[in-house]
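Residue numbers (my numbering), protein chains in the order written: chain A, 18 to 1007; chain B, 122 to 538. In this text, a Cβ means the ideal position worked out from N, Cα and C, and glycines have one as well. Bear in mind the structure is a predicted one, so any value in this text is a computation, not a measurement.
Spelled out as structure tokens, the structure:
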């Protein structure tokens, strides 16, 4: 195997060799490797190109904070995922990865021209230029910029994978399974709490996975992790979720978790989803998210081979990978000395530790010196050299002087540690800046959470374990499980403090000193932004794009703050902090969408008669969530022909229509009539039992909100119908008024939309066809006139039978319990005397009669009078919803749009719905628009086209000649009354 | 004002860009101005610019509680279009669109107005009727908007899924080719820089805490966290917090403030050529020049001044995105955020004088104010300078809610804005 592997050690499984490819080249790695560790083990440091300058970039980190090493992983043509961090991609057999944002190849990328001309491309250069000529931005400059920008390529085929969503509750959610999180989970679980423990990594353990020296309770760290996980696994109240990122902290202790279920598997089983989105509502949350090491800001700090110190150590100790054979260390913090010592112990040459600090004393520096490693304090890295990998580091004094070139093939750096306060901040907790730690730390909580360990500035293994245990105990207790006591763990480990450096060291040149590696933002860019007056950190971020890359500034934000604070000469906290937003790391769209796809995108509503419509060959349309039968074509018929036939059938014999989607609300109680008086514009007190009335409901603003027939079943019981789309809205509106305005009324509201199947039997023969099927109901005209309702039996089934019509013909609407709908439908169909008709014919039939459809004739700006139903308004009522608004002068303005009919001069010409009306078709735009066509059909019954329109001052224009301007020329129309068929209503009353 | 051009960029490149000056001064508030504008978003900064450039009012200030452009100007999904239904709205938004077309050159600042086309999808018969009504009204009003079949829609936007098997299949679309996007931050900064050059003070970190009125009831100035400022004219352009500021003058306004969310994906190479909106399934998407898919979500159901909403809101939007563009299912959400939108009962803005002499208000832009920024600022500047509305904003009064003269785009169209 590779000479870049240590002979032993690490958590890789050296017995399981895995073959993989990167940019088409084959390599070997081991089970337990990440793509990054496996590439490093093969000596591959150049893994990507930067966003703007296309500079060669290597692997910076060993975790989710990685800004550079972004790759695309392809399982097959459809399963392509761009922009994955190689440091998080777990190796599997035959994994195929590609580098991104380079052309033609990673090694030779012509985009590097941007680096050559980088003096022309400072922060925000695009705001200053590309303005001339006007057309060129969209057609010339923007396409070029867009092509250069972007990282990977989006998938091109539909994603075949599945995603699912789960909801969970627990007493204590522990986020992060490093030492603090493991201790917290252990103690909380011991106290009897239901615990969920999640960690973004494949293995739980956090920093302990690269801990070779320390012991806990006498165990080597790795063994303690294994024992602890075994204890947790044995506890039925505990759920441990590895590969699970807590990405968002929402109100009331709801935390979103993204679990990656199969991405690490060579052959994902078909029964597993790719990802699971958990929405966890936790009584208490312990945030144990650790801290992230900061790079150092110095010129050419972005060469492949330049790496975070602890990342280098992690590759060595956790993955058994030698990050370099000759490694220079640059640091502003003790932590890098530990890395130096571990490298040294592994036999790797460490020619120099360049420490920015003037003095370096204490356990770690002394240990390094004792090991014979050269330490130079007060030393900065002035530059680095090397083409595709760092070849030397130039070490200098801050005040200039000679640069000492130190040859190396890797440079490990540490600017100190930044506590991961992302989730705490998302929870709306308030941070404070701690000068000693040089970090923002959690201060005031808003949610029921507590931070533990390095994420709140408690560094060092001993302290982190104790802090985690205490947090676990406190969280369990707060959740009602007070039993446990945090154990005292005996730990052997040397500690670190906080501190470190924010921004570049004094004396460091700003050019090519990268702050945001992925977005190519240098210290110089940030300096420019402050010179140009961008003083808020939010402005600096937006102007330079620092912190806006896919790592969202995990390694860069604190440096940017430090640079701005220094440039403006203000204390760092005064610069402010950009808002931490979800998600902590990017989360797959599919994971949010989960099962909401296909028919489950929105639950489909089917009527009780759906199967009958399907059997009759219906074509359906979507109306809200409903599927409604639009028409029933016979062989060879298009919609037009089918609708014409259906209409003629209704007018000449009888048609059958599924009206089940109509909203239905049962209003019951001693004050039911009074309630309707207040809600609807009509008067209800005098409506007799067994009678129906067409009701209009307005909003407070006086405009028509809904309509429907309302039948009085008993003195204290009304059967209210609403429009299909309005059912839920009307019920909510009624409940709102009932509960907040009139709680004194003795009224109950019940939605019964789905309890009744509604079959409309319409046509001159309706009574005769229905007669054999009814019992206990007298259908005679005198006994059951138009607009009446009776209870009885239809086909032996208890029914409410309405004599109502939306067609202008003699008609009935049979309401039977939903399950019995099909039987009644089939019985009526079996007579052979009825023709099923759909919504399209229904629309046409009612338009012939001038009946409005709320939402088609009216659009939320029409009063009852506008819509031609002003007769329904009981103006003498003391009050009703909208009454005050209807009294405003503008509501009676003569120019208001009013419902009219239109006839085209060419009887065969059908106007387009939505077409506009003008009096002078020759005027130039903007034209004076008088109204618009709301409904338009060819009426087979009448032998000519008809249209309804809302027309300014329409009722005074009957007989006028107007025009409909169309692209092909104006169409002349005559304004008429809106009733085209049986205006006397003789057929209705038959 | 230092000129911005390729030449000035070249010249300063040789000096290491050391000689660039602040794009606007970090002004401290003076004791008195001829007018102050409360709210340093695009609408407020633009108002200051037009007051200074077209009405000669240069002794004025913009007061911003935080940092300019930090409210909805910097939080929206940057969609620009003008294909509104009613004459009043079409006139207002098309006025803005015409100003967008020349804004980069007017301001000497590249606001990256990109007329790549805005396509609104129809998913049911009702949508088709509504959109066709828009197309006809727009054509008569001289506003471009055309009807596309589903196949034409996919030709314009190749990632679009027009399968009839969709839960809500695409039946067609209305396309406004002049619609598109612009760079939101650049709008705020460009107006700030140009206004500053004309003498306008841009005062940041200056929260207004009170509105002063004289014995006759007229405005005399404002109280702020940086001291009292006298001004005979005060314009309130405070978006989601308008009702709070108006309350300081004792005025109640018909506004409700809701959290509205948006999100972006990780950046990818160009894959999405236009803007697509679907009000029926709640999906609003374009791709930024940086490569991020920019996706608008809906408002929460409850009023709030908190700039965050529930997870189910963006999740629902991603449901729709994944259905309409199933290849994006593997894309990843990079960043999600919220803003506070102020909505009126008719979902049209208020750009008007108020019952308090000297006090003016420009608010109620709801979920769609960005597109109107230049037009809104322009007519509001006219209103403040002349103490009378411009003909274009004359219908957008505060009193229309009392009098019933609504401009109800939402009710008319069932579309979000």
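Where residue 312/B is concerned, the enclosing alpha helix (DSSP H) starts and stops at 305-318. For residue 129/B, the secondary structure class from DSSP, reduced to helix, strand or coil, is helix. Contact check for residue 40/A against residue 115/A passes: the beta carbons are separated by less than 7 Å. For residue 391/B, the residues of chain A that pass the 7 Å Cβ criterion are 163, 164, 167, in the order they occur in the chain.
Residue 710/A is bridged by DSSP to 727/A. The CB of residue 144/B comes closer than 7 Å to the CB of 549, 550 in chain A, given here in chain order. Of the candidates 151/B, 245/B, 307/B, 147/B, 151/B places its Cα closest to the Cα of residue 342/B. Here DSSP, grouped into helix, strand and coil, assigns residue 484/B to strand. Beta-bridge partners assigned by DSSP to residue 381/B: 420/B, 460/B.
One Cα belongs to residue 354/A, the other to residue 339/A, and the distance between them is close to 17 Å.
Close to residue 944/A, with beta-carbon spacing below 8 Å, are these residues of chain B in chain order: 261, 262. Taking the beta carbon of residue 604/A as reference, the chain B residues within 8 Å of it are 453, 454, listed in sequence order. Within the region 189-218 of chain A, the complete alpha helix (DSSP H) runs of at least 4 residues fall at 196-207. DSSP places residue 810/A inside the beta strand (DSSP E), whose first and last residues are 805-811. Note that the C-beta distance between residue 227/A and residue 341/A is not below 7 Å.
For residue 818/A, the uninterrupted beta strand (DSSP E) segment begins and ends at 814-820.
The shortest CA-to-CA distance from residue 20/A to any of 918/A, 364/A, 833/A is the one to 364/A.
Residue 237/A is outside the set of residues whose beta carbon lies under 7 Å from a beta carbon in chain B. Given a length threshold of 3 residues, the region 836-909 of chain A has no whole run of the beta strand (DSSP E) inside it. Interface with chain B (7 Å Cβ-Cβ cutoff): residue 599/A is included. Per DSSP, the unbroken alpha helix (DSSP H) holding residue 226/B starts and ends at 208-228. About 5 Å separates the Cβ atoms of residue 501/A and residue 204/A, confirming a contact at the 8 Å cut-off. When CB distances to chain A are screened at a threshold of 8 Å, the residues of the region 201-216 of chain B falling below it are 208, 211, 212, in chain order. Chain order gives no chain A residues near residue 322/B, where near means a beta carbon separation below 9 Å; the closest approach is about 13 Å. C-alpha of residue 298/B to C-alpha of residue 764/A: approximately 53 Å in a straight line. For residue 858/A, no CB of chain B lies under 7 Å from its own CB, so it is not counted at the interface with that chain.
Per DSSP, residue 474/B is one residue of the beta strand (DSSP E) stretching across 471-474. In this structure, 201/B is the residue among 177/B, 190/B, 201/B with its C-alpha nearest to the C-alpha of residue 489/B. In the structure shown, the three-state DSSP call for residue 952/A is strand. Under the three-state reduction of DSSP output, residue 556/A falls in the helix class.
In summary, residue 105/A is buried, with 16 or more beta-carbon neighbours lying within 10 Å of its beta-carbon over all protein chains present.
In terms of Cβ geometry, residue 349/A and residue 518/A form a close pair [threshold 7 Å]. In the three-state reduction of the DSSP assignment, residue 155/A falls in the helix class. With respect to chain B, the C-beta atom of residue 144/A has a partner C-beta closer than 7 Å.
Cβ atoms of residue 45/A and residue 31/A stay farther apart than 8 Å, at about 11 Å. Beyond the five residues adjoining it in sequence on each side, residue 877/A comes within less than 6 Å, by CB distance, of 720 in the same chain, given in chain order.
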